[in-house]
Amino acid sequence: MKNDVWRIIVVEDEFDSAKMVSKILNYHGIEVHHAHDGYECLEMLNQFEPTLIVTDLAMPGMDGWQTLDAIRSNPLTAHIPVVAITAYYSVDVEEEALNVGFNGYYSKPLDPRSFVQDLSRIVVL
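Going by the numbering used here, the letters in the sequence shown line up with residues 1162 to 1286, in that order.
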């Protein structure tokens, strides 16, 4: 797995969750950029193109659903893989997330042994 070139934006409003996701990714040599909400994520996309975006679904301001919609509606960013993470797992929400265009759906807490391996199936370098 060639993670050393990955740059991931983690969109998460909760400090502990952002720290946990970042720690898992950093352990695998992945460059992590943290956005506190969807608006900050979209600003980052004006500065660089990430390998992948990991976003929480429930956030104040612009949530993960709205963030995905903004990313997919822009031809310059529509191709970037986006995965959803949530503390409130539901089969119905997972199905909806995948149907609207998320490339993956993961419940918190994330499994540190398989999360990056799962992401490597989504990322096409």
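Note that CB positions come from ideal geometry on N, CA and C, so glycine has one too. All values derive from a computational prediction rather than experimental measurement.
Limits of the beta strand (DSSP E) - the one that residue i falls within
i	result
Thr1238	That residue, Thr1238, is in no beta strand (DSSP E); it is neither H nor E in DSSP.
Rounded C-alpha distance that separates residue i from residue j
i	j	result
Ser1275	Val1252	20 Å
Gly1199	Val1193	16 Å
Ile1191	Leu1280	11 Å
Pro1211	Thr1228	15 Å
Ala1231	Glu1256	20 Å
Ile1246	His1197	14 Å
Tyr1267	Tyr1188	19 Å
Val1172	Ser1178	10 Å
Met1223	Asp1174	10 Å
Val1254	Gly1262	12 Å
Exposure of residue i, with buried meaning 16 or more beta-carbon neighbours within 10 Å
i	result
Glu1204	exposed
Leu1218	buried
Ile1214	buried
Per DSSP, cross-strand counterpart(s) of residue i
i	result
His1197	Per DSSP, none; premise fails for His1197.
Val1244	Val1215 and Gly1265
Arg1168	Glu1192
Where residue i sits in the DSSP three-state scheme
i	result
Asp1272	coil
Ala1254	Position check: residue 1254 holds Val in this sequence, whereas Ala was assumed. Val1254 falls in the helix class under three-state DSSP.
Glu1204	helix
Asp1230	helix
Asp1224	coil
Val1182	helix
Val1284	coil
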